[in-house]
Each structure stands twice: as structure tokens, then as C-alpha cells.
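Notes for the one structure printed next.
There are 2 protein chains.
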Amino acid sequence: MREAAEGIRQRFGFGGEVQKPVPLKEVTLRRARLKPPDGLGDLFSGDHYERVSHGLGKAYRDVVRGFRGEFENPPDLVAFPRHESEIETVLSWAEAEGAAVIPFGGGTSVVGGVEARLGERPVVTMDLRRLDRVLEVDAESLAARIQAGATGPRLEEQLREHGLTLRHFPQSFEYATLGGWIATRAGGHFATLLTHIDDLVESVRAITPRGNWESRRLPGSGAGPSPDRMLLGSEGILGAISEAWVRVRPRPQFKASAGVEFDDFIAAAAAVREISQSGLFPSNCRLLDASEAELTGAGDGRSDLLILGFESSHQPVDDWMEIALEIAEEHGGAPTPPPTGLKRPNSGRLRPDDSEGEDAVGAWRGAFLLAPYLRDTFVACGVLSETFETAITWDRLEEFHATVMETTRAAVAEVTGAPRDGAGAPRVSCRFTHVYPDGAAPYFTVLAPAVRGGEVEQWDEIKAAVSEALIEGGGTITHHHAVGRDHRPWYDRQRPAPFAAALRAAKAELDPAGILNPGVLIDPA
Amino acid sequence: MREAAEGIRQRFGFGGEVQKPVPLKEVTLRRARLKPPDGLGDLFSGDHYERVSHGLGKAYRDVVRGFRGEFENPPDLVAFPRHESEIETVLSWAEAEGAAVIPFGGGTSVVGGVEARLGERPVVTMDLRRLDRVLEVDAESLAARIQAGATGPRLEEQLREHGLTLRHFPQSFEYATLGGWIATRAGGHFATLLTHIDDLVESVRAITPRGNWESRRLPGSGAGPSPDRMLLGSEGILGAISEAWVRVRPRPQFKASAGVEFDDFIAAAAAVREISQSGLFPSNCRLLDASEAELTGAGDGRSDLLILGFESSHQPVDDWMEIALEIAEEHGGAPTPPPTGLKRPNSGRLRPDDSEGEDAVGAWRGAFLLAPYLRDTFVACGVLSETFETAITWDRLEEFHATVMETTRAAVAEVTGAPRDGAGAPRVSCRFTHVYPDGAAPYFTVLAPAVRGGEVEQWDEIKAAVSEALIEGGGTITHHHAVGRDHRPWYDRQRPAPFAAALRAAKAELDPAGILNPGVLIDPA
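First to last, the sequence lines map onto chains A and B.
Plus 23 on top of the position in the first sequence (first one is 1) and you've got this note's numbering.
Plus 23 on top of the position in the second sequence (first one is 1) and you've got this note's numbering.
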């Protein structure tokens, strides 16, 4: 850790002495206001460790508070249902007790989605980790029935026995669960096309306080508004997702990847726009600005970098890559050395952490996977780190990007007091995580010197300034991080008012006592 | 018409003398129970022609009743708003009068979606045809803001000025409107990928009795359940869609099409399955069984026919076609003569009714576009005609297809008393309209001798038997024809009960007087 801190100081010119987190046993929690009901002791736990580890998500402001032992809103009990009937038991018991229930997958929310900020109201966090099996595989339709509590590795491990994969690799992959992805509309690692969990869901089953919600397995349907699309993004307020049929696929047999450097971010964006409108649908099409490329070790900080990838389980993809590279070159891009390795079918290596070589593409991939784990280190070293993500149509991209970058830089300078340029200046960088024919999803990363003990306030101020810029500029408050509690003020301005009224009415119908994740998406009843 | 009747008799062995429809002026309507409010006479019409022409949809049972002059549920008034403010006027006036409002696009519903079966309750049909403009084009993001009442030809004509196209060509193309497509989740003519209007919608604006519902233009968003997806398929019960931003595209520059014959429908389905799972995403991938191929003039009735097509605005698609043809041949398919015309980029001909030559593909395309217009002829000639469509996962396809075909044949034989085989036997055929990695959308066509004067009862009995088979077999009651009033009994068994409760609550919140299209999707309050 000390070496990491020294490395950060040398590289960025900020960051301080390594501090130690408050040990688990020294954490003081509010006294529990609930006791496990008689005879259900093995379903519920009031254990100190469980209450602590379910008390916060994984936003920077959560990691900071956890580091300092500040668990303001721990659950009073944690439930670990093994069957749907035990989910029903938890819901009906909570309703009778007047307690709130927080459905909990991997706890990787970065938006306050799993922290019950409910004051006096008692809280049960319902952790679905025991529902972690692949229950059925339909190899003909390429679909699998998977329990909501299965983490990325757990479900991939079970699908691998059938030669199949979900190929849904968000940064939360290792800890997050299928149910959590569905509840929050997670984005996968493919940059285009069928990458959101929304598109991979064939049917969903959820337990609501007023009965089971289960849609039919259908490849497509036009029968009324999609019931699945109403659960997708519902963040636990309508019901607890227990399982889903999802679309899986054979492991890829052919791949091609390449990096392309640009001198100008907006020219690079134009190349990305044309590729996204070409009908080629690359599996990877990530544009990193020069600062982001340097940050991840994929560039030297002088050029913007476009990472292109294609993959297929059926046919070589080299020709598609050739066309995409031609488009990139027409917009001023230059393929990166070493040679990009076209014409190299490989034998379907599955996990995204498989080494892809020592080139720019491989460096980016490694950094992408490591990023979430660095947050603990940054907190220990006094570095403020945060990410913001959104989506915007192409016509507004240039101005939007400039405004958000400038707003972020100004807010960070103001809040941290750090110089805006030169040694010790905060880093604000941008990449595109997903691209569409009609726009892109820009993702901003901030690294800055933290004020020890004031990190949460710093974060809140920066968050508010940037969120304001996102919403004012016409973007979405979240492209794939969800709304939770932290994004509420801006989400409330974004969603159509009649839709919010409809959602409130739907929730009141299914959850009249308002026990399910109160405060997320809409106000508690 | 007499020639057509003779041709039908020779070809099918059934059909009778040509009858004449009841002329418009002889149609007797229930006395209107509403009068246009003072000063709004040009917004409303109580004209006989307007009441007749807005009284029924375009299902076979509607065409029959229209032919016989039986308009049981004509609107009392028809409104033609020119602006959103006039939509608001209609809604608030109707609410005050206790009248129902039926939002009306092209009136091409085949599921009773525009017929107000409301007994004593007065009804205003709100026809949006005057809202037919393309208001804005964003050529950079490839998106256009289009008013809900624009028909297919109207919106294509305006987009063409910008070199763009929506390329959404359902069979209803000529009369149906963008708003109708969104309200009913219309399926486009592409067989795979982004073909449903659901995927082409970037944002929607709707007028509800409790305010305007407008989502942001966003290429993607993870902020709560999608507001657009709640309007998509809402069939007018939550609000009247007034306009939408939709994703458009440049006109195609490269095309390839080919026909492949199979001896066995299930073997052909296996080829289609593999193609749909290959990641190639052909623009056309329609499988016609032998009877359907003969019916459309694309085959001789001995072989099943797969129609394959690829198109692109950016790059030649011949290689993709080669791979798809290889897959088809591996499953026993034989490309149809004349040579399929690969390696022939063409210069982006836009409309699907452009001649594609005299081969099997061209014949099918012509028949596809003509089909909806034949229904009037069939009614006049005493031929019962109807279509049923659904979707099912691949694992259940073979048994499902066999059961639905057999159920339909049995029901048609029972209802018509016609022989099951040989001359004069009813025709039951099947094609796939859309295919997905996890399943297909089979579409069934019935032609049979009608009992003059008893057509509606015949139709109702067949509809009930087939719908039962679709639902019992695990399919959807509709893949792209919507629910309306005709599909209600089966839809009610298909959708999750808590979802229906949520939808009812949402509607009660936005439309407390229950004025909007009562009886569609859910019961009137």
C-alpha cells in the first residue's frame, strides 16, 4: 500500500500518507431494532459482520465512510433466503413488523441503492446470494434459467459446463448478481448492440408483496407494454427478482482487436459515430481521451485512443475490422503499434481478463478490470476518485463534452483548492463506454487530492455540480449506474412527471405498505 | 371482381358468387349521443362518412361487418386535432362529458383496437391524421422528430428530402401511422435485429389527461424503468401519443437476396435457427412453408422456401449472404433458380414494392404487400380469410407448430364443414415473419369457404380455438398485431397478474375518469 501511495504521488503529484481503515471490530453500529422471528433464526442474521458488510454500497462516498467506520444506516437484520418461499416469508414478516426490505445482490451499487436512509424505520437487507444456481439450460434456444443471486463468476462457471456464456461483463462482474443487473439495467462490456442486460432478458420472475410476477419465455412479443421492461430498472421497489431466463451464446471462436490513435477527440468521436452507424456493430468500440489512455497505461497522454474489437462464434471477423479501420483512418486515425494482429482467429478465450498481449488494447483491458478495486487504495492514500457517466445524442456531443469537462474541472479545482494545471492538478478524463447509431455514452473519471475527513462533502459538491451539467446539457443522469438515492434530485427532473405518477401508483398497488427499497426512484409513501 | 372470384374458385375450389357491399348511404347508424361543443365545430365532425369510416378496424370480422353495413359501435363524433393543444381540448371536453376517447391513427387495427364496444357510453374517436409532419431532422444522430399521425408514405416522403428513411414497412405501411405503430409495438419488415418500432424510438411525447409525458432524447439510459417502454404497447389507454423522435438511417446502397428451397419445414427451421444465432442478422430471413409459398406465387407447393436478404448503406453484403447460404445448404437447402444475384450492389432502391425481379423472392414480396388488400375481395367472394401470429422459443417450435397447425385445420373443418383434404379443402399455411436467436415468430394464414351471413361467428370460433392453442402451447397471443379487444381473454391469461394490477393502477392515476380507449388491455374502470 505504501508503494502504491508513493507511485500515485509520483504520477499525479497528489495523495498523502497511507491511513489505515477502522477495523471491523471497532465499528460501532446503531442498536438493532429488529430480532429474528422465532423459528427463523437461520433465515435471518443479526451478526455484526453481516450488518456492517450490508450497510453501504461501493460509491467513493461509501468506501470513504466504510474506511472511517461510519455506518450510519446499517440494516437491523440481514436475511439470506434459500428459496422463493423464504423471500415471501421475509416480505410478509417485514410488512407485519413495519420494516423496510432492501433487496441485495452483490452490494456493488455506486448510487446508494442498497443503503437504507430511513431514519427510525427498521430495515431488513435481503441478500440473495444463496439463490445462485443455473436451474435450466435450453441449448437449442440458447437460453438459461438462472437464479437472481448468482454472481458473474458463479453463473459463468455453471454455463461453461454447457459450452455457453452470458458474455455480460460489467466492471462489477466479480461480485454483482444477475438480479442486481436486471434491477439496475446493467450495461455489458460489448460497446454496441445487445449488451445491456435489458436485451438479454427473455423472462423475469419477481416476488412482490402482492403475488408472483412471472412473464412468459418469449423471443419477442407485442402483447401490451413489456412486463419485463417494467421490472428492468425498477431497483427493487416493485418486487424482489428471484430468477430470470436470459439469452446466452456459444463462446466466441473468432476475434480481432485493434487500437487507433487520434490527435483530436472530436475527430475521433466522428469516426466512432460513423462506425456506430455503419451496421458493423463492433463488440468493442471504446474511445479513450488522451488523459484516460495515459491513466490506464494504454497511451502516452498525447493521443486519444480508439479500441476496436470484433468477435464471433461463427465466422472470421477480419473483414469487418478492415472496414471499421478504414473508417477510422478516413477520420484521421492511425493504427497503433505493434501491428494490430488482424487475420488471427483465436480459439474463443472466454474471460475478459485473458491476456490480449502487451499492446495498447491489452493495457486498457487490464486497467478496466482493475479500476473498481483501486478505490480502496485511493481512499487510503488521500485521493478523491469518482466517475460519472451519461449518454447524449451525437448532435449535442461536442458542446456537451466541453461543458461537462469544464464544469467538472472547475468544480474539482474549487472543492479541492488544487491547481488547475501542471503538477498536482486534478485529472479529469473521458471515455465512451457504449456507442449507438444515435449517440454515445461518455464516462468521466476524476482523480484529485482529497481533504482528509472531508471527502464525503467534497464528493457531494462535485457530484452536484457535474450532475447539474449532465441534466442541463440534455444527458441522462445515468447510462448504466442506476438511480438509487444519490441520483434522485436529477432523476426527478429527467423522468416525465406522468411516468413518475404512474410508477408511484404501480408501487402503491403492489407494495401498499411501502416496504421495498423505500426512497429509491420515487419518494417513500 | 368477378374474374377474381372465378380465379379463387379455380385455385382453391371454394368461394361463391360476388356479392356487393352495402353502400355508404344505406348504412344506418345509432343516433349520435354527442354534439360538437360550441365554437369547436371545425375540431369535431359528426358527419355520416366519418362516423362510418371510424367505426371498425381491419380484421376480417371488421371487413365482413363493414361489407354488410353493420356498424354496431360507431363513434358519436370524430375529432381531428391539428395541435397538441387541441388534443388536450378533446380530452378535457370528453372527460367533462363522460365520453370515451379512442385515439385513431390509420384505423388498421386487426384486433378491435379502435372499435368502442362501450354500450351506452358516448364516444369520440380522435383521428390524428392532421398531425402528419416531420418536424425536425437531426442528420448527425440519424434521428427525426415526427408527428404521430404521419402515415408510412407521408413520413417517408418527408424523410426522403433528407436522404433518410425510417425503413419501417409493416403490411399496414400505407395507412398506419407512427403513433399507431408505437401504441401497438409494430413489427417492421426486417426479419432480425432492430426492426420493431420499440427499438427505433428515441423518445416519445404523449398527452395524458393529467399532463404531458415527454421523455428525453437519449441514445440509451439506465435511469429507472424506461418511460418509453411503458408507452410502447399501451394502445392508447395511458395517453394519446402526439410525436416521437425516431431513429432513421441512410437509404441502403448494397443489397443481396436469395431464395432457398427445403423438403422439410423443420429442417428449414433448423437452418433459420442457426442463421439467427450466427450474428449475421439478415434483413430478411422469412421461412414460408410449401403451402404459403404456393399461395404467394413464390413456389409450386412442393417445397418450403426460405427468403434471405441482406442490405447495408455502408458496405457490400455479399460475403454475409455467402455465409448464410452455406448454413442453409448444410441443413439441406437448395438455392432457387434463377441465380440469386449475388455480387450485385444496387443503388439503394427504397420502397419494398420496388420490383426485385421475377424470381421467387420478387413474387413473395409482391404478395406480401398485396395481402391486406385482398381481404375485401375475399369477403365479397365468400372466402373466409384470417391470420394468426405468435412467437415461441426454438426448443418448443416443432411441437408447437404441429399442434397449432392441427388445431387450426380441425377448427376450420369443423366450423366450415369443408373437406380436410383435396379439392375445396381449406388452406392453412405458416411462415416466419421475424426470427431471433432464441426463437421465431410463426404467422398462420387461413383461407376457407365462408358461410354467408355467418362469417363473424365462424371467425370467432376459429379465433378462439387457435388462440387457445397459442396460449396453451406457451406462445404469445400476439407478436406484432397488438391486444385490442379481440385478444383480451388470452392476453389476460398471458400477462403476469401483478403487472396487470400495476398497469390498472397506473391508468387510474393518469386517466381517473377512464376516458382513454376503455376495454383495451385492461377492463374499464
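Every residue gets a Cβ at the ideal spot worked out from N, C-alpha and C, and that includes glycine.
Test: residue i CB closer than 9 Å to a CB of chain B
{"i": "threonine 207/A", "result": "yes"}
{"i": "aspartate 484/A", "result": "The amino acid at residue 484/A is misidentified as aspartate; the sequence shows glutamate. So no, glutamate 484/A is outside the interface."}
{"i": "proline 368/A", "result": "Note that proline 368/A scores a pLDDT of 34, beneath 50, so its modelled location is shaky and nothing firm can be said."}
{"i": "proline 44/A", "result": "no"}
{"i": "alanine 487/A", "result": "no"}
{"i": "alanine 536/A", "result": "no"}
{"i": "arginine 270/A", "result": "yes"}
{"i": "alanine 246/A", "result": "yes"}
{"i": "glycine 202/A", "result": "no"}
Minimum Cβ-Cβ distance from residue i to chain A less than 9 Å
{"i": "tyrosine 466/B", "result": "no"}
{"i": "serine 265/B", "result": "no"}
{"i": "glutamine 338/B", "result": "yes"}
{"i": "isoleucine 346/B", "result": "yes"}
{"i": "glycine 78/B", "result": "no"}
{"i": "glycine 371/B", "result": "With a pLDDT of 35 at glycine 371/B, under the threshold of 50, the predicted position of this residue should be treated as unreliable, though the coordinate-derived value follows. No, glycine 371/B lies away from the interface with chain A (no Cβ there is under 9 Å from its Cβ)."}
{"i": "arginine 233/B", "result": "yes"}
{"i": "valine 506/B", "result": "yes"}
{"i": "glutamate 532/B", "result": "yes"}
{"i": "glycine 497/B", "result": "yes"}
{"i": "glycine 332/B", "result": "no"}
{"i": "alanine 229/B", "result": "yes"}
CA nearest to the CA of residue i, picked from the options
{"i": "threonine 51/B", "options": "Asn96/B, Ile494/B, Phe277/B, Ala528/B", "result": "Asn96/B"}
{"i": "phenylalanine 423/B", "options": "Ala166/B, Ser265/B, Ala463/B, Asp150/B", "result": "Ala463/B"}
{"i": "proline 472/B", "options": "Gly496/B, Asp444/B, Phe455/B, Thr439/B", "result": "Thr439/B"}
{"i": "alanine 520/B", "options": "His219/A, Thr218/A, Glu237/A, Phe522/A", "result": "Glu237/A"}
{"i": "arginine 105/B", "options": "Asp70/B, Leu154/B, Gly92/B, Pro126/B", "result": "Leu154/B"}
{"i": "serine 265/A", "options": "Arg144/A, Leu407/A, Ala173/A, Asp342/A", "result": "Ala173/A"}
{"i": "leucine 189/B", "options": "Ala199/B, Leu178/B, Ile485/B, Ala347/B", "result": "Leu178/B"}
{"i": "alanine 209/B", "options": "Tyr198/B, Pro193/B, Leu217/B, Glu197/B", "result": "Pro193/B"}
Neighbourhood of residue i by C-beta, 6 Å cutoff - its chain only, sequence neighbours within 5 removed
{"i": "phenylalanine 90/A", "result": "Pro44, Val402"}
{"i": "glycine 380/B", "result": "Residue confidence for glycine 380/B is low, a pLDDT of 49 falling below 50, so the modelled location carries little weight; the figure read from the coordinates is stated next. Closer than 6 Å at Cβ, skipping near neighbours: no residue."}
{"i": "aspartate 312/B", "result": "Phe288, Asp327, Ser452, Cys453"}
{"i": "glutamate 120/A", "result": "none"}
{"i": "leucine 544/B", "result": "Glu258, Ile260, Val506"}
{"i": "proline 547/A", "result": "Gly537, Pro541"}
{"i": "glutamate 143/A", "result": "none"}
{"i": "tryptophan 343/B", "result": "Leu303, Phe333"}
Rounded Cβ spacing between residue i and residue j (contact assumed at less than 8 Å)
{"i": "threonine 148/B", "j": "histidine 77/B", "result": "4 Å"}
{"i": "alanine 291/B", "j": "glycine 332/B", "result": "Not quite, the Cβ-Cβ distance comes to about 16 Å (not below 8 Å), so this is no contact."}
{"i": "glycine 256/A", "j": "threonine 207/A", "result": "7 Å"}
{"i": "histidine 457/A", "j": "alanine 102/A", "result": "Between alanine 102/A and histidine 457/A the Cβ distance is about 35 Å, and since that is not below 8 Å, they are no contact."}
Where residue i meets chain A, residues with beta-carbon distance less than 8 Å
{"i": "glutamate 237/B", "result": "Pro519"}
{"i": "phenylalanine 522/B", "result": "Trp236, Ser238, Pro250, Met253"}
{"i": "leucine 241/B", "result": "Ala414, Ile415, Thr416, Gly462, Gly498, Thr499"}
Contact list for residue i against chain A, beta-carbon separation under 7 Å
{"i": "glutamine 300/B", "result": "Leu165"}
{"i": "alanine 529/B", "result": "Ala525, Ala528, Ala529"}
Beta-carbon proximity list for residue i, same chain, < 8 Å, skipping 5 on both sides
{"i": "arginine 516/B", "result": "Ile494"}
{"i": "isoleucine 500/B", "result": "Thr413, Ser490, Leu493, Ile494, Val506, His510, Trp513, Tyr514, Gln517"}
{"i": "leucine 63/B", "result": "Thr112, Trp116"}
{"i": "glutamine 338/B", "result": "Phe277"}
{"i": "phenylalanine 446/A", "result": "Correcting the residue type first, residue 446/A is alanine in the shown sequence and not phenylalanine. Closer than 8 Å at the Cβ level, and outside the excluded window around alanine 446/A, lie Gly36."}
Close-in-space but distant-in-sequence residues of the same chain around residue i (CB under 7 Å, 5 per side omitted)
{"i": "histidine 504/A", "result": "Val133, Val134, Glu412"}
{"i": "proline 275/B", "result": "Glu334, Ser335, Ser336, Gly371"}
{"i": "valine 86/A", "result": "Arg398, Asp399, Val402"}
{"i": "methionine 428/A", "result": "Val451, Cys453"}
{"i": "serine 314/A", "result": "Gly324, Arg450, Ser452"}
Amino acids of chain B, ordered along the chain, whose beta-carbon sits closer than 8 Å to that of residue i
{"i": "glycine 259/A", "result": "Those do not exist, as glycine 259/A stays about 12 Å from chain B at its closest Cβ, beyond 8 Å."}
Beta-carbon neighbours of residue i, restricted to chain B and to distances below 7 Å
{"i": "serine 335/A", "result": "Gly302"}
{"i": "aspartate 515/A", "result": "Within chain B, no residue comes near aspartate 515/A; the closest Cβ sits about 10 Å away, beyond 7 Å."}
{"i": "aspartate 342/A", "result": "Asp342"}
Proximal residues of chain B, C-beta to C-beta of residue i below 9 Å
{"i": "leucine 182/A", "result": "Within chain B, no residue comes near leucine 182/A; the closest Cβ sits about 15 Å away, beyond 9 Å."}
Where residue i meets chain A, residues with beta-carbon distance less than 9 Å
{"i": "leucine 310/B", "result": "Correct list: empty, because the minimum Cβ distance to chain A is about 14 Å."}
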